[in-house]
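Chains as they are written, first to last, in my numbering: chain D, 95 to 398; chain G, 95 to 398; chain A, 95 to 398; chain F, 95 to 398; chain W, 95 to 398.
Quick reminder that beta carbons are idealized off the backbone N, C-alpha and C, glycines included.
Owing to the predicted nature of the structure, the values given are computational and were not obtained by experimental measurement.
Quick notes on the structure that follows.
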Amino acid sequence: MIVRPPQHWFRRLFDWRGSVLPNILFRLSLNFMMAVAAVISFPWYERLSLRLTTAPFSLLGVAIAIFLGFRNNASYARFVEARQLWGNLLITERSLLRQAKSLALAPAARQSFTALLVAFAWALKHQLRQTAPREYLERHLPARDRAEILASPLAANRILLALGRWLGEQRQQGALSDMLYTGMDRNLDELSHILGGCERIATTPIPFAYSLILHRTVYLFCTLLPFALVEDLRYMTPLVSVFISYTFLSLESLAEELEDPFGTAANDLPLDALCNTIEINLKEMDDQSPLPEKHQPDAHFNLT
Amino acid sequence: MIVRPPQHWFRRLFDWRGSVLPNILFRLSLNFMMAVAAVISFPWYERLSLRLTTAPFSLLGVAIAIFLGFRNNASYARFVEARQLWGNLLITERSLLRQAKSLALAPAARQSFTALLVAFAWALKHQLRQTAPREYLERHLPARDRAEILASPLAANRILLALGRWLGEQRQQGALSDMLYTGMDRNLDELSHILGGCERIATTPIPFAYSLILHRTVYLFCTLLPFALVEDLRYMTPLVSVFISYTFLSLESLAEELEDPFGTAANDLPLDALCNTIEINLKEMDDQSPLPEKHQPDAHFNLT
Amino acid sequence: MIVRPPQHWFRRLFDWRGSVLPNILFRLSLNFMMAVAAVISFPWYERLSLRLTTAPFSLLGVAIAIFLGFRNNASYARFVEARQLWGNLLITERSLLRQAKSLALAPAARQSFTALLVAFAWALKHQLRQTAPREYLERHLPARDRAEILASPLAANRILLALGRWLGEQRQQGALSDMLYTGMDRNLDELSHILGGCERIATTPIPFAYSLILHRTVYLFCTLLPFALVEDLRYMTPLVSVFISYTFLSLESLAEELEDPFGTAANDLPLDALCNTIEINLKEMDDQSPLPEKHQPDAHFNLT
Amino acid sequence: MIVRPPQHWFRRLFDWRGSVLPNILFRLSLNFMMAVAAVISFPWYERLSLRLTTAPFSLLGVAIAIFLGFRNNASYARFVEARQLWGNLLITERSLLRQAKSLALAPAARQSFTALLVAFAWALKHQLRQTAPREYLERHLPARDRAEILASPLAANRILLALGRWLGEQRQQGALSDMLYTGMDRNLDELSHILGGCERIATTPIPFAYSLILHRTVYLFCTLLPFALVEDLRYMTPLVSVFISYTFLSLESLAEELEDPFGTAANDLPLDALCNTIEINLKEMDDQSPLPEKHQPDAHFNLT
Amino acid sequence: MIVRPPQHWFRRLFDWRGSVLPNILFRLSLNFMMAVAAVISFPWYERLSLRLTTAPFSLLGVAIAIFLGFRNNASYARFVEARQLWGNLLITERSLLRQAKSLALAPAARQSFTALLVAFAWALKHQLRQTAPREYLERHLPARDRAEILASPLAANRILLALGRWLGEQRQQGALSDMLYTGMDRNLDELSHILGGCERIATTPIPFAYSLILHRTVYLFCTLLPFALVEDLRYMTPLVSVFISYTFLSLESLAEELEDPFGTAANDLPLDALCNTIEINLKEMDDQSPLPEKHQPDAHFNLT
């Protein structure tokens with residue numbers, strides 16, 4: 095994710111960080127060349143009575159803008175939901191640890207609990223980005239749960255199971271009454287919802303046909319546009335044509351990027367930083383020290 | 095559901111998987127022929143002072159685009175809700191099994207419980223696709239519940255009843271206090287919500303009049319369009335006309351497809367794969383082995 | 095509600111079931127006559143330099159389409175919420191009966207409970223459609239609650255009170271601990287939400303001014319439209335004008351119809367069939383037989 | 095709130111009840127005079143080559159329509175949320191009284207409870223409309239809570255506190271176990287949400303800048319519009335210009351009205367009638383008689 | 095936040111409070127100068143056949159309006175959610191104190207509890223506005239929690255921890271049964287959600303690329319617009335061009351302002367006043383006196 099630096103409105107016109115320009119630069123250049131071709135071929139093209147006028151393109155442009163608005167809404171809703179799920183992860187894990195402290199559970203037990211909670215966040219991150227969590231888990235998991243979790247193909251869910259077992263043991267040892275057990279178990283159910291919600295976003299994209307239809311229509315629209323504009327605009331065709339194409343292509347490209355918010359593109363969620371925040375919060379609450387260092391955006395204001 | 099392969103933006107222009115093109119190809123051809131007819135008949139047609147101009151079609155096109163945007167929103171919302179319900183199915187069943195393990199219920203009892211949970215998902219799938227679940231249920235249901243469930247016309251709901259009875263028996267045998275019973279029973283209520291939510295989506299379509307009105311207006315619009323464009327565009331009429339028609343017809347067709355997300359069309363939910371995921375997850379949690387194989391998309395990237 | 099039969103896209107163009115055409119036929123005919131008048135009077139009308147052009151109507155048409163989109167959203171949201179409330183009614187009543195069975199309450203008591211639950215659905219239907227529930231209630235209510243419920247001006251709420259009393263008695267007789275009582279009572283609260291939610295939709299329409307403003311602007315727009323189109327379109331004016339009017343009037347009319355989803359128009363909710371479904375489900379769960387017959391759509395695919 | 099009478103589509107064109115026409119009549123007259131001025135001054139105005147054409151106004155009109163759609167959405171969402179909160183008030187108070195009856199609490203205690211619940215609704219109404227609740231409260235509050243509640247600057251919240259104390263006393267007297275107490279207390283939390291939600295809507299308007307920007311642009315747009323239309327429409331300018339202005343001004347005015355749904359304008363919520371409904375419902379449940387009379391709309395179909 | 099004074103529609107046209115005009119005045123002046131340049135250079139500019147017409151700008155303007163509508167929706171949703179979280183803060187803290195009073199906990203304990211609740215609100219405000227809470231906390235925190243909370247880098251979360259400890263102690267001292275403890279602890283979970291929700295809004299802006307794309311396209315659009323309008327409008331170009339630019343720039347600027355609702359700009363949330371309201375409410379409930387004074391808007395109707 096790109097961190098937004100405070101800046102003047104003018105400088106922002108030329109800001110390239112977080113921009114989708116690199117993704118669409120090639121297509122914009124193509125569009126520019128089409129526009130130049132349109133300007134050059136205009137005399138011949140008119141003689142063949144092959145005319146394109148702006149009227150149908152205006153209708154088409156507005157229709158595409160409406161559908162693109164719909165697509166942006168759908169993609170952005172996924173981004174927002176993904177962020178909310180990670181926000182809830184921090185919230186729920188803080189709640190669980192607060193409960194463990196309020197109920198004065200044994201400090202040693204509480205520390206394994208904290209370790210499992212932190213590991214759950216990291217394991218979820220690895221699962222969503224399809225990277226291997228082994229290295230992290232080997233170092234940080236409590237000894238008794240380690241083997242079982244590392245052996246499982248579904249590590250995050252196994253950690254949740256271990257959290258449940260920890261809670262069940264507290265109950266069997268009499269540290270928690272059934273009532274208190276149930277109060278904390280409800281927060282484990284919440285973790286289950288977070289895990290399942292993230293998996294749902296990661297595995298079920300917006301129906302592929304939406305991408306296809308919009309990708310094609312936007313592309314074809316931008317390609318034909320210069321030929322429609324050239325009659326009115328002549329030498330201004332390349333400028334206006336590239337401008338209109340930039341508007342449509344960049345929003346289409348951004349919608350595509352946000353659709354999968356767990357990726358590592360510039361506008362995706364900074365899962366590493368979020369895990370780091372969770373770890374700092376929980377360890378601070380558990381009075382551990384020193385705390386891990388806070389992740390900072392790199393020189394390009396990028397936070398992974 | 096079509097699984098989206100990583101691919102270049104250019105290749106996507108010619109990607110036919112998951113496309114709704116087959117559904118609208120006939121109507122697009124009709125439109126092309128109308129456009130050719132419009133070009134050919136133009137001289138006569140003008141002499142009769144039967145004129146169609148783009149201005150009213152522009153107004154109409156934008157209005158239809160707005161209503162189509164509304165219809166796509168409504169259809170997509172049904173798709174998303176259906177997916178969320180199936181996501182919640184996985185989440186809730188994992189929570190229930192986690193609770194059963196945390197509370198150290200007897201392994202034999204836990205296995206019947208797992209079998210019932212898995213059967214619930216498959217029975218729901220069969221109910222939503224209106225196929226017969228008998229074969230599956232005969233093989234996988236615990237012996238004592240089998241006859242009763244197979245005899246019922248509402249199999250999924252009967253399985254939920256059997257899950258409730260299982261829970262009640264645990265309470266009567268003293269394995270669960272009233273408090274713990276209630277904590278798990280709340281998750282059965284959640285299963286009840288999932289079942290009822292899916293039934294609602296399956297049995298109540300978007301009011302039929304919306305489909306009718308949009309279907310007719312889109313169709314008539316596309317049919318008349320070439321006659322309006324021909325005055326300005328002459329020989330370019332077929333190209334532009336088919337392009338505009340493609341945009342409107344494909345979105346109308348996709349909205350129709352997504353409206354019933356439990357079907358087996360290319361953009362519908364992969365209920366088989368979702369049931370398979372649930373089965374793998376629960377059996378893995380219950381330490382059963384070997385686990386069922388994970389469903390893979392077929393050669394056309396299709397997942398049923 | 096109109097049940098959608100599987101059908102070919104072509105046949106749907108001429109499908110009249112569920113259509114709002116009958117409601118707007120008179121206004122469409124008026125519009126057609128205005129269009130003919132516009133064509134006939136065009137020469138005079140031009141001489142008086144009373145000109146109407148498409149440009150301002152295009153602006154107005156798009157603005158009205160946007161506001162109509164807003165109105166359709168609002169109406170459809172009411173329809174969806176109403177359907178969800180009735181879905182939750184089925185869900186919650188199934189949950190309550192499942193709980194009663196799991197907790198092994200006395201069969202006789204369970205049967206009165208089932209009867210009350212079914213009666214609640216029918217009484218709610220009668221209340222929303224403002225019909226008299228007396229006949230049904232006299233036949234199906236448990237004897238001891240009958241007099242009290244029939245005497246009340248708020249029958250559905252009284253049945254809910256009777257359900258609460260039934261639950262309180264189970265607790266006093268020791269069949270339910272306070273914990274189990276509370277677990278079931280929460281589902282009665284849910285019934286209370288359903289009752290109140292339906293009452294809210296039935297008694298509070300979308301602010302009347304929205305209907306007025308859109309009704310008037312759509313109507314005036316359609317009336318003036320032919321005079322604006324005639325300059326460009328001449329003899330095609332009636333066709334295009336009726337087409338545009340159809341699009342606007344039918345969506346306005348449908349929005350009006352959906353706004354009150356508990357009515358008996360073609361696109362309203364099939365409350366009879368929903369009550370019937372609830373009755374079948376609960377009686378099947380309670381192992382009663384024979385089950386009531388399932389309501390089927392009539393010859394016009396209409397389900398009340 | 096205006097109650098919608100059943101009526102024919104034609105009569106509705108001339109229905110003034112609930113209309114926002116009175117609010118915008120002056121501005122419409124101004125617009126009419128501007129249009130007349132535009133028609134009269136057209137010859138001079140053209141000679142000075144001060145031209146306004148419809149094209150930029152078309153663009154501007156559509157943009158304003160889109161932003162007005164957004165503003166209507168935001169205002170209507172506030173109206174809907176306010177109505178839902180008052181719906182929940184009825185729902186929750188009915189649930190609380192049902193619980194009190196199911197648990198067979200002493201009738202005398204139940205009557206004070208009912209009185210407090212009814213008073214809560216009326217006090218909330220007075221707070222939202224910034225009127226003095228003293229008179230009502232003096233007559234209806236239970237004697238022991240009266241002084242304390244009347245002395246408080248936050249009456250509704252004090253009544254909620256009294257409800258909590260009542261519940262706490264039932265627990266201390268042994269009439270409610272901790273479990274049952276908690277079950278009812280959860281509904282008091284719900285009342286707390288209703289109180290806070292209404293306060294939020296009443297004290298935090300939509301950001302003022304939205305009103306300002308739209309108010310200004312709509313106004314300026316309507317003022318300049320006749321000068322843009324006159325070239326094309328000549329003597330029809332006043333008619334079309336007033337029509338377009340009516341569409342924009344009436345929706346802007348209605349959005350302003352709905353933004354504060356607790357006022358006493360024609361389209362605001364009928365808080366008096368809602369309080370009356372709550373009072374009738376609770377007293378009927380508590381078997382009191384005679385019940386208060388039901389508020390009826392006045393001769394102008396207005397319900398306050 | 096600007097408090098809206100009751101005022102006439104005419105005066106509002108010239109109301110500068112809460113307006114975003116100051117932010118965009120420079121850009122509007124630039125636009126005015128471009129328009130003057132366009133008018134002056136028009137003869138040369140035409141001779142070079144460098145033509146810009148309104149048609150492509152109309153298409154572009156509508157597309158940008160649609161995307162701007164989307165951006166305003168997203169920003170406003172953040173504003174609304176932020177306000178709801180602060181509304182819930184008041185609601186939940188009132189509920190917690192009501193519970194403490196109903197359960198007749200010791201007055202001294204209740205006072206520390208009240209102090210912690212009030213401090214939580216102020217600490218959250220300081221965290222969101224990135225100011226130092228030390229001064230306030232030193233004066234108002236209960237002595238025993240002070241050192242620990244002041245030492246923590248995450249003050250608000252530490253106060254929540256102290257609230258949890260307070261609750262745990264009440265349970266250990268026998269003042270609260272496990273059931274009652276859990277009932278209150280659920281409201282602490284709610285505070286945890288409020289804290290996490292505010293942090294989420296404060297740390298995760300709308301993806302930066304949206305701002306960039308819209309900022310650039312709006313800016314470029316406004317810059318080129320006069321050159322497109324000049325052919326039609328001549329000397330009216332500056333007026334119309336500045337008007338259109340005002341509409342687009344002001345909405346873009348407001349969307350930017352609302353995106354971060356915790357700031358101190360004119361349209362942001364009045365966090366000081368909200369904390370003050372919470373403090374008055376809680377102290378009034380706790381029968382403390384004198385109550386703090388209610389914050390009033392300053393002479394410019396501004397409430398911080």
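Which chain F residues are close to W/SER152, counting only those with a beta carbon under 7 Å from its beta carbon?
Residue mapping note: residue 152 of chain W aligns to position 58 of the fifth sequence, counting from 1. Per Cβ cutoff of 7 Å: ALA149, SER152 and LEU153.
Using a beta-carbon distance below 8 Å, is G/TYR170 in contact with chain C?
Here the protein chains are D, G, A, F and W, and chain C is not one of them.
Report the neighbours of G/ARG165 on chain D: residues whose CB is nearer than 8 Å to its CB, in chain order.
Here residue 165 of chain G refers to the residue found at position 71 when the second sequence is read from its first residue. Per Cβ cutoff of 8 Å: no residues; G/ARG165 is ~10 Å from chain D at best.
How is G/ARG121 classed by DSSP in three states: helix, strand or coil?
For the purposes of this step, residue 121 of chain G is taken as the residue at position 27 of the second sequence. Correct three-state label for G/ARG121: helix.
With DSSP as the reference, please indicate the residues paired to G/ARG328 in a beta bridge.
As a working note, residue 328 of chain G is residue 234 in the second sequence. BP columns for G/ARG328 point to D/LEU144.
Tell me the rounded alpha-carbon separation between D/ALA176 and D/CYS292.
The residue given as residue 176 of chain D occupies position 82 in the first sequence. The residue given as residue 292 of chain D occupies position 198 in the first sequence. Going by the C-alpha atoms only, they are around 7 Å apart.
What are the start and end residues of each continuous alpha helix (DSSP H) run of 4 or more residues lying completely inside the stretch 317-369 of chain D, in chain order?
Runs of the alpha helix (DSSP H) inside the stretch 317-369 of chain D: 331-353.
How many whole angstroms separate the CB atoms of W/LEU191 and W/ASP380, which I take to be in contact at a CB cut-off of 8 Å?
Taking the first residue of the fifth sequence as 1, we reach residue 191 of chain W at position 97. Taking the first residue of the fifth sequence as 1, we reach residue 380 of chain W at position 286. Contact flag correct, Cβ pair sits at about 7 Å.
Of all the options W/ALA249, W/LEU308, W/HIS234 and W/ALA157, which has the alpha carbon lying nearest to the alpha carbon of W/LYS377?
Stepping through the fifth sequence from its first residue, residue 377 of chain W is reached at position 283. Comparing Cα positions, the closest option is W/HIS234.
CB A/LEU282 to CB A/GLY258, shorter than 8 Å?
Indexing the third sequence from 1 puts residue 282 of chain A at position 188. Indexing the third sequence from 1 puts residue 258 of chain A at position 164. Against a cut-off of 8 Å, the Cβ pair of A/GLY258 and A/LEU282 comes out as a contact.
With DSSP as the reference, identify every bridge partner of F/ASN182, one or two as the case may be.
By one-based count along the fourth sequence, residue 182 of chain F stands at place 88. Answer is none; F/ASN182 lacks a bridge partner.
Please report the distance separating the alpha-carbon of A/ASN396 from that of A/LEU308.
Locating residue 396 of chain A in the third sequence gives position 302, where the first residue counts as 1. Locating residue 308 of chain A in the third sequence gives position 214, where the first residue counts as 1. Answer to the nearest angstrom: the Cα atoms are 29 Å apart.
Select from D/THR398, D/ASP392, D/ALA393 and D/CYS369 the residue whose C-alpha is nearest the C-alpha of D/PRO386.
The count along the first sequence starts at 1 and reaches residue 386 of chain D at position 292. The shortest Cα separation from D/PRO386 among D/THR398, D/ASP392, D/ALA393 and D/CYS369 belongs to D/CYS369.
Determine the closest residue to G/GLN224 out of G/ALA256, G/PHE342 and G/THR297, with distance taken between C-alpha atoms.
Here residue 224 of chain G is taken as the residue at index 130 of the second sequence, counted from 1. For the residues G/ALA256, G/PHE342 and G/THR297, the minimum Cα distance to G/GLN224 belongs to G/THR297.
Within a Cβ cutoff of 6 Å, which residues of the same chain sit near D/LYS219, ignoring the five residues on either side of it in sequence?
Start at 1 with the first residue of the first sequence, and residue 219 of chain D comes out as number 125. Excluding sequence neighbours, D/LYS219 sits near LEU365 and CYS369.
Indicate whether F/ARG129 and W/VAL156 have their beta-carbon atoms separated by less than 8 Å.
In the fourth sequence, the residue the question calls residue 129 of chain F occupies position 35. In the fifth sequence, the residue the question calls residue 156 of chain W occupies position 62. What sits at residue 129 of chain F in the sequence shown is Ala, not Arg. Not a contact, by the Cβ cut-off of 8 Å.
Are the C-beta of F/ALA296 and some C-beta of chain W separated by less than 8 Å?
Reading the fourth sequence from its first residue, position 202 is the one you call residue 296 of chain F. Chain W, which has no Cβ nearer than 8 Å to the Cβ of F/ALA296, makes this no.
Excluding sequence positions up to five away, which residues of its chain have a Cβ less than 7 Å from the Cβ of G/SER347?
Position 253 of the second sequence, counting from 1, holds the residue named residue 347 of chain G. Only VAL114, ASN117 and ILE118 meet the Cβ criterion.
Which whole runs of the alpha helix (DSSP H) in the stretch 239-303 of chain A are 4 residues long or more, in chain order?
List check, alpha helix (DSSP H) in window: 249-266 and 272-297.
Using only the alpha-carbon positions, how far apart do A/LEU211 and G/GLN178 sit?
Residue numbering aside, residue 211 of chain A sits at position 117 when the third sequence is read from its first letter. Residue numbering aside, residue 178 of chain G sits at position 84 when the second sequence is read from its first letter. For A/LEU211 and G/GLN178, the distance between alpha carbons rounds to 29 Å.
I'd like to know if F/ASP86 contacts chain W, where contact means its C-beta is closer than 8 Å to some C-beta of that chain.
Any question about residue 86 of chain F goes unanswered here, given that chain F covers just 95 to 398.
Which residue's Cα is closest to the Cα of F/TRP180: F/ILE253, F/TYR230, F/ILE295 and F/ALA241?
Residue 180 of chain F sits at position 86 when you count from the first residue of the fourth sequence. Checking every option, the nearest Cα to that of F/TRP180 belongs to F/ILE295.
Note down, in chain order, all residues in the stretch 115-137 of chain A with a beta-carbon under 7 Å from any beta-carbon belonging to chain G.
The residues in question: there are none.
Three or more C-beta pairs under 8 Å: does that hold for the stretch 330-343 of chain F against the stretch 301-319 of chain F?
Counting Cβ pairs under 8 Å, three or more are found: they touch.
Of all the CB atoms in chain G, is at least one closer than 8 Å to the CB of A/PHE214?
The sequence position of residue 214 of chain A within the third sequence is 120, counting from 1. It does not; no Cβ of chain G falls within 8 Å.
A/PRO320 touches chain F at which residues, Cβ-Cβ below 9 Å?
As a working mapping, residue 320 of chain A is identified with position 226 in the third sequence. The premise fails here: A/PRO320 is roughly 14 Å from chain F at the closest Cβ pair, so nothing lies under 9 Å.
Is any heavy atom of the ligand SAM found at a distance shorter than 7 Å from the C-beta of A/CYS369?
Annotation note on the ligand SAM: not contained in the displayed structure, which lists no ligands.
Under 9 Å between beta-carbons, which chain A residues line up against F/ALA159? List them in chain order, please.
Sequence index remark: in the fourth sequence, residue 159 of chain F carries index 65 (1-based). The contacting residues are LEU153, VAL156, ALA157, ILE158, ALA159, ILE160 and PHE161.
Quick one, which residues of the stretch 248-275 of chain A are near chain F if we go by CB-CB under 9 Å, in chain order?
So the close ones are LEU248, ASN251, ARG252, LEU254, LEU255, LEU257, GLY258, ARG259, TRP260, LEU261, GLY262, GLU263, ARG265, GLN266, SER271, ASP272, MET273 and TYR275.
Please determine, among D/ALA217, D/ILE288 and D/LEU231, the residue with the shortest C-alpha to C-alpha distance to D/ASN250.
Position 156 of the first sequence, counted from the start, is the residue given in the question as residue 250 of chain D. Note that residue 250 of chain D corresponds to Ala in the displayed sequence, not to Asn. D/ALA250 has its Cα closest to that of D/ALA217, out of D/ALA217, D/ILE288 and D/LEU231.
Can you tell me where the alpha helix (DSSP H) holding D/THR225 begins and where it ends?
Here residue 225 of chain D is taken as the residue at index 131 of the first sequence, counted from 1. Premise fails: D/THR225 is in no alpha helix (DSSP H) and is neither H nor E.
Which one of A/ASP239, A/GLN264 and A/SER271 has the shortest CA to CA distance from A/ALA256?
The residue given as residue 256 of chain A occupies position 162 in the third sequence. Of the candidates A/ASP239, A/GLN264 and A/SER271, the one whose C-alpha sits nearest the C-alpha of A/ALA256 is A/ASP239.
Whose C-beta lies closer than 6 Å to the C-beta of G/GLU229 among residues of the same chain, with five residues either side of it excluded?
The residue you call residue 229 of chain G lines up with position 135 of the second sequence. Nothing listed; no residue qualifies.
Would F/GLY357 pass as an interface residue toward chain W - the criterion being a Cβ-Cβ separation below 8 Å?
If you number the fourth sequence from 1, residue 357 of chain F lands on position 263. Cβ-Cβ to chain W under 8 Å: no for F/GLY357.
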